[in-house]
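Below: the structure, in structure tokens.
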Amino acid sequence: MLQGERTTKQADAYRLRNKKMGFSWKTYLKRYWTLYLLLVLPIAFFIIFRYTPMAYILLAFKKNNILQPPWQVAWAKDNGFEWFIKAFNDKNFIDALRNTIVLNLLDLIVGTPMPIIMAILLNELAYPRFKRITQTVLYLPHFLSWVIISSITLRLFATNDGLINRAFGTAIPFVGTENNWRATYIMLGIWKECGWNTIIYLAALTAISPELYEAAEVDGAGRLRKIWHVTLPGIRSTIIVLLIMNLGHILGSEFDRPFTLSNPLVEGASKTISIFVYERGIQGSQFSLSTAVGLFQSLVCVIFLLLSNWLAKKFGERGVW
Amino acid sequence: MKRILALVLALALLATLTTVFADDGFVDGKFTETRHITVEIFNRNNDGGTDPTNNVWTDFIKQGMLEKYNVEVEFVSVGRWTEVDDLNNLLAIGDAPDICYTYSAPTILNYAGMGGVIDLAPYLEEYGDQLGDLKALIGEENLFYDKDPATGTVYMLQGAMPNNGRITTFIRKDWLDKLGLAEPTTTEQFHDALVAFRDNAETLLGADADKMVPYSTSTDIGWRNDLMSISFVPDDVTDETLFVYGYDDRHLLYPNYKEGIRQLNAWYNEGLVWKDFALYSDSTEEDNMMKAGYVGAFMHNWDYPFRNGEDSIAANLVRNVGEDAMYVPIDCFQNDAGITRKFLGSVVGSDRKTFLPATCEEPLAALLYINFISSADTIKYLQTGLEGTNFELTADGAYQILPATGEWVKNSGNNIDYTMTVNGLYLGEATDASTALSYPGIPADIVIQANAYSKTNGRIVKHFNVGTIVAENDVGTSLTSKRDALLTKAVTASVEDFDAEFDAGMADYLASGGQAIIDERIEKLAEVYGIQVEK
Chain A
0 MLQGERTTKQ ADAYRLRNKK MGFSWKTYLK RYWTLYLLLV LPIAFFIIFR YTPMAYILLA
60 FKKNNILQPP WQVAWAKDNG FEWFIKAFND KNFIDALRNT IVLNLLDLIV GTPMPIIMAI
120 LLNELAYPRF KRITQTVLYL PHFLSWVIIS SITLRLFATN DGLINRAFGT AIPFVGTENN
180 WRATYIMLGI WKECGWNTII YLAALTAISP ELYEAAEVDG AGRLRKIWHV TLPGIRSTII
240 VLLIMNLGHI LGSEFDRPFT LSNPLVEGAS KTISIFVYER GIQGSQFSLS TAVGLFQSLV
300 CVIFLLLSNW LAKKFGERGV W
Chain B
0 MKRILALVLA LALLATLTTV FADDGFVDGK FTETRHITVE IFNRNNDGGT DPTNNVWTDF
60 IKQGMLEKYN VEVEFVSVGR WTEVDDLNNL LAIGDAPDIC YTYSAPTILN YAGMGGVIDL
120 APYLEEYGDQ LGDLKALIGE ENLFYDKDPA TGTVYMLQGA MPNNGRITTF IRKDWLDKLG
180 LAEPTTTEQF HDALVAFRDN AETLLGADAD KMVPYSTSTD IGWRNDLMSI SFVPDDVTDE
240 TLFVYGYDDR HLLYPNYKEG IRQLNAWYNE GLVWKDFALY SDSTEEDNMM KAGYVGAFMH
300 NWDYPFRNGE DSIAANLVRN VGEDAMYVPI DCFQNDAGIT RKFLGSVVGS DRKTFLPATC
360 EEPLAALLYI NFISSADTIK YLQTGLEGTN FELTADGAYQ ILPATGEWVK NSGNNIDYTM
420 TVNGLYLGEA TDASTALSYP GIPADIVIQA NAYSKTNGRI VKHFNVGTIV AENDVGTSLT
480 SKRDALLTKA VTASVEDFDA EFDAGMADYL ASGGQAIIDE RIEKLAEVYG IQVEK
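Structural data, given as structure tokens:
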């Protein structure tokens, strides 16, 4: 994605050249028709499952009625903003909003450095077979569903009957108070995804020229110095791109993870927007309200994405586009 | 010329269409031309079950409808545990079955509000005399149970639940015997028994003493502690008050309910209640503890330990612990009048509801189906089945249900999914005796006793038909989870923190829509019945 990307200048030059040589889109279609044919499916996918449903965003501004197509339904009150106003007057929504932001921020702060550290550690492993086995083992939790993880969690961390508390004769409420639950939630997230997230960093690490390490060695740098002065700068742009993408999800919320890990004692911390939408929309048939909430969520995500991309460029990085 | 011809043809077509529709082809209680309707049926995906849309039971129904009314019936399956979600989808794409049923009245009213449900009132008025079997089942007065007092619309028909027993308390009889205790008949004796279980864990469980749970409950405390909680509700409280504060079917808003929870909180802090109940959202863990023999007492559906035949809690308990290990029903939570009060749902009106989506083109045929499925003969056949295969008649005329397999298997207990207007055995005089026989391996007298206790001193709050309470539409599921959270937190709090936890949770519950419901109920009650209830 990064290596193959052309700058706008280059692209302009290409276009100019093509124009001079009299190439039109027809020429391309004729020459590369097999490639274009391959593109048809993904494009159809995006049109059918991504763009067509966008018409239904209208629901967010209309009366709650899913029996008619949204363009036939009457507009909602308050110039169509009835549902947005309702959501922001709803204590449950505000709570869900807060919980989503808190959990995602914690995930971002604690979760971002972990795969980087892990990738560097893996990179430093000298014995290739051990490295490969370690990597595979680290990827495994990624393939478990949250449903399974949540029941393992209870077996291990239940306040009184959990294996850990039984082993140490303690009664620590790992998932029984809101703050402890947040910590457990974050740690489980790291455990599950950390290994998987190292993949991109490991790929970036292989792109660093070995000459740089050799040069550093000649200059007398030890392991830590090499990591600090060669490895980290080498993957800096990757780190920033991933950070931008994650910032774009700051208001997005997973469903399975908070839903399965939650229990009534910690609802105050675990009810995220996705659960709010599930309860109101799918269970309570409040389709307009949940569409409005979803739209708000997407909007904030886009704003964050643009903002962080702009910031990245400001600091001299390449950004996502 | 062409244009005139087209006009003439169009008019002619219109004329024929009108005549077709004007003559509904319904003569002497039967259609002259075969009609076609689709009917919802739950799909439980049971192991060894049959296709719910096509089996010996549907054949019986299809044949009966064709012979009696000349109506062709086709079944459409809907997931039993995702019924509301599935119906939402089907209704949204205009593909819902002509006859739908659900437990959720708000779902129906929500769709009615969008214009998606047929108003049954005119049909019930016009064809009421064709619905004799339905009337016999639910009572003529209940045909208009949900008639809106303001608009006169009827969007659903209520089903019956002949056996409206809800909850019974169970206790380990063998433990009581071992400790020389009698079956508790008061709250105090019950408490004493739990304390004795706790203190004699070594005697009762030996090496597993640390697994002792004198009294178990779940995060659904409203259900699982109901009898104790409502024993604190004053006996002289009026039906009007109970209606106003009766939105929550777990009785959360009933006067003085908090004190019942306070008592459970005290017991929790005395180490009498399962410590980790708050963390488990499904019942597997608790069931396993009961089956393994660690649980002394619990409150649950009146037949809970007897359900599931060989895999029932009772059967597992005997296998794991020994022949004499068993849960027996008791009835011990007295209120201020000294009686063991139970709040029961009415026989009609508190269970399943049937409705016709606006896409149903044959409302009359659909109503006739509902009538057919409500007839005592139809119900009897569907619930009992084939003699020798599905049941044996005992000497006293009761039906001993046999575990049938193959094509005669019933996907739902007693085929309740097909008998959509009645939930539970409905066999006339043979009902009680047959109910007792429907739990293989469980002594009949214990089953009868458990059911009787669940209804002893039962009180059914009067039905006030005030029309739709708008505030109830948006908040249903979120209030349910708020309730569970508030009760769970209050019970697991320390005794000193109990008030703070309960009050904070209740304030949150009320602010999240609970208060709006109470206010609207007060307002509508005054409007329709002219009755004032103090806030």
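These protein sequence lines are chains A and B, in that order. Read in numbering that gives the first Met the number 0, the first sequence has 252 at position 253, and its numbers run on one by one without any break. Read in numbering that gives the first Met the number 0, the second sequence has 116 at position 117, and its numbers run on one by one without any break. Ideal Cβ positions, reconstructed from N, Cα and C, are used throughout, including at glycine.
Any beta carbon of chain A sitting closer than 8 angstroms to that of B:PHE20?
Your numbering for residue 20 of chain B matches position 21 in the second sequence. With a pLDDT of 46 at B:PHE20, under the threshold of 50, the modelled position of this residue cannot be trusted, and the question is left open.
Buried or exposed by the 16-neighbour rule on C-beta atoms within 10 Å, applied to B:ASN319
One-based indexing of the second sequence puts residue 319 of chain B at position 320. Flag for B:ASN319 reads exposed.
Which partner residues does A:HIS228 have in the DSSP bridge list?
The sequence position of residue 228 of chain A within the first sequence is 229, counting from 1. Bridge partners of A:HIS228: none, in fact.
Counting only the same chain and skipping the five closest in sequence on each side, list residues whose C-beta sits under 7 angstroms from that of B:MET419.
If you number the second sequence from 1, residue 419 of chain B lands on position 420. Excluding positions up to five away in sequence, the list reads TYR100, GLY158, ARG351, THR353, ILE372.
Neighbour list for B:GLY78 in chain A, Cβ cutoff strictly below 7 angstroms
The residue labelled residue 78 of chain B in the question sits at position 79 within the second sequence. Neighbours of B:GLY78 on chain A: none; closest Cβ ~13 angstroms, over 7 angstroms.
Whole angstroms are fine: how far does the CA of A:ASN164 sit from the CA of A:PRO112?
Mapped onto the first sequence, residue 112 of chain A falls at position 113. Mapped onto the first sequence, residue 164 of chain A falls at position 165. So the alpha carbons of these two residues sit roughly 29 angstroms apart.
Neighbour list for B:THR491 in chain A, Cβ cutoff strictly below 7 angstroms:
Counting from 1 along the second sequence, the entry for residue 491 of chain B is found at position 492. Correct list: LEU264.
Could one say the Cβ of B:TYR536 lies closer than 8 angstroms to chain A's Cβ atoms, at least one of them?
A question about residue 536 of chain B goes unanswered here, because the residues of chain B that appear run from 0 up to 534.
Go ahead and label B:GLN382 buried or exposed: buried means 16 or more other beta carbons lie within 10 angstroms of its beta carbon, across all protein chains shown.
In the second sequence, counting from the first residue as 1, residue 382 of chain B sits at position 383. Counting Cβ neighbours within 10 Å, B:GLN382 comes out buried, since at least 16 surround it.
Of all Cβ atoms in chain B, is any one closer than 8 angstroms to the Cβ of A:SER289?
In the first sequence, counting from the first residue as 1, residue 289 of chain A sits at position 290. It does not: the Cβ of A:SER289 has no partner Cβ on chain B nearer than 8 angstroms.
For A:PHE314, which option in A:PHE254, A:GLY280, A:VAL240, A:LEU104 has the closest C-alpha, if you only look at C-alpha atoms?
By 1-based counting over the first sequence, the position of residue 314 of chain A is 315. The shortest C-alpha separation from A:PHE314 is found at A:VAL240.
Is B:MET160 near B:ILE107, with beta carbons less than 8 angstroms apart?
As a position in the second sequence, residue 160 of chain B is number 161, starting the count at 1. As a position in the second sequence, residue 107 of chain B is number 108, starting the count at 1. It is not a contact, given that the beta carbons lie outside the stated cut-off.
Limits of the beta strand (DSSP E) - the one that B:SER453 falls within:
Counted from its first residue, the second sequence places residue 453 of chain B at position 454. Per DSSP, B:SER453 belongs to no beta strand (DSSP E); it is in the alpha helix (DSSP H), 443-454.
Rounding to the nearest angstrom, what Cα-Cα distance links A:GLY251 and A:GLU266 in this structure?
In the first sequence, the residue the question calls residue 251 of chain A occupies position 252. In the first sequence, the residue the question calls residue 266 of chain A occupies position 267. One C-alpha to the other measures close to 19 angstroms.
Alpha carbons only, please: which of B:ASN45, B:GLY112, B:LEU363, B:PRO442 is nearest the one belonging to A:ILE65?
The sequence position of residue 65 of chain A within the first sequence is 66, counting from 1. For A:ILE65, the nearest C-alpha among the options comes from B:GLY112.
For chain A, is any of its Cβ atoms less than 8 angstroms away from the one on B:LYS290?
By 1-based counting over the second sequence, the position of residue 290 of chain B is 291. With 8 angstroms as the cut-off, B:LYS290 does not count as an interface residue toward chain A.
Contact set between B:GLY114 and chain A, taken where Cβ atoms lie within less than 9 angstroms
Within the second sequence, residue 114 of chain B is the residue found at index 115, counting from 1. Chain A residues near B:GLY114: ASN64, LEU66, GLN67.
Closest to B:TYR267 by C-alpha separation, out of B:LEU524, B:ALA489, B:GLU500, B:GLU522, would be which residue?
Sequence index remark: in the second sequence, residue 267 of chain B carries index 268 (1-based). Nearest C-alpha to B:TYR267: B:ALA489.
If you measure beta-carbon to beta-carbon, which residues of the stretch 142-153 of chain A are closer than 7 angstroms to chain B?
LEU153
Taking the continuous alpha helix (DSSP H) assigned at B:ALA499, which residues delimit it?
The count along the second sequence starts at 1 and reaches residue 499 of chain B at position 500. Unbroken alpha helix (DSSP H) run through B:ALA499: 497-508.
Take B:TYR417 and list the residues in its own chain whose beta-carbon comes closer than 6 angstroms to its own, dropping the five residues that flank it on each side.
If you number the second sequence from 1, residue 417 of chain B lands on position 418. Within the same chain, B:TYR417 has close Cβ partners TRP56, LEU381.
Answer with buried or exposed for B:ILE63, where buried requires no fewer than 16 other C-beta atoms within 10 angstroms of its C-beta.
Translated into positions along the second sequence, residue 63 of chain B becomes position 64. It is worth fixing the name first, because residue 63 of chain B is Gly in this sequence and not Ile. Its Cβ being crowded by 16 or more others within 10 Å, B:GLY63 is buried.
Just checking, does the stretch 274-290 of chain B make contact with the stretch 298-315 of chain B on the three C-beta pairs under 8 angstroms criterion?
yes
Applying the 10 Å Cβ sphere with the 16-neighbour rule, what's the burial state of B:GLY93?
Position 94 of the second sequence, counting from 1, holds the residue named residue 93 of chain B. B:GLY93 should be labelled exposed.
Within 10 angstroms of the Cβ of B:GLU258, are there 16 or more other Cβ atoms? Answer buried if so, exposed if not.
For the purposes of this step, residue 258 of chain B is taken as the residue at position 259 of the second sequence. Classification of B:GLU258: exposed, given that the 10 Å Cβ count is below 16.
Could you compute how far the alpha carbon of B:TYR214 sits from the alpha carbon of B:MET298?
Mapped onto the second sequence, residue 214 of chain B falls at position 215. Mapped onto the second sequence, residue 298 of chain B falls at position 299. Distance between the alpha carbons of B:TYR214 and B:MET298: 9 angstroms.
Interface residues of chain B around A:ASN159 at Cβ under 7 angstroms?
As a first step, residue 159 of chain A must be located in the first sequence, where it is residue number 160. By Cβ distance, chain B contributes LYS274, ASP275.
In chain A, which residues lie less than 8 angstroms from B:VAL469 when you measure between Cβ atoms?
In the second sequence, the residue the question calls residue 469 of chain B occupies position 470. What B:VAL469 touches in chain A: nothing, since even the nearest Cβ is about 12 angstroms away.
Assuming the contact rule is C-beta atoms closer than 8 angstroms, B:GLU182 and B:ILE329 should be a hit. Round their C-beta distance to whole Å, please.
Indexing the second sequence from 1 puts residue 182 of chain B at position 183. Indexing the second sequence from 1 puts residue 329 of chain B at position 330. 5 angstroms between Cβ atoms; contact.
Interface residues of chain B around A:ILE281 at Cβ under 8 angstroms?
For the purposes of this step, residue 281 of chain A is taken as the residue at position 282 of the first sequence. Near A:ILE281 (Cβ distances below 8 angstroms), the residues of chain B are ASP84, ASN87.
For the stretch 93-112 of chain B, list every residue whose C-beta sits within 9 angstroms of some C-beta in chain A, in sequence order.
GLY93, PRO105, THR106, ASN109, TYR110, GLY112
Please go through the stretch 149-225 of chain A and give each complete alpha helix (DSSP H) segment of 4 or more residues, from N-terminal end onward.
162-167, 177-205, 209-217, 222-225
Where A:VAL174 meets chain E, residues with beta-carbon distance less than 8 angstroms
No chain E is present in this structure, whose protein chains are A and B.
Local conformation of B:LYS352 per DSSP, three classes:
Here residue 352 of chain B refers to the residue found at position 353 of the second sequence. It is a strand residue.
Taking 8 angstroms as the CB-CB limit, is B:ASP248 close to chain A?
Reading the second sequence from its first residue, position 249 is the one you call residue 248 of chain B. No, its Cβ sits nowhere closer than 8 angstroms to a Cβ of chain A.
Helix or strand or just coil, what does DSSP make of B:PRO161?
Locating residue 161 of chain B in the second sequence gives position 162, where the first residue counts as 1. Looking at B:PRO161 - three-state DSSP - the assignment turns out to be coil, as it is neither helix nor strand.
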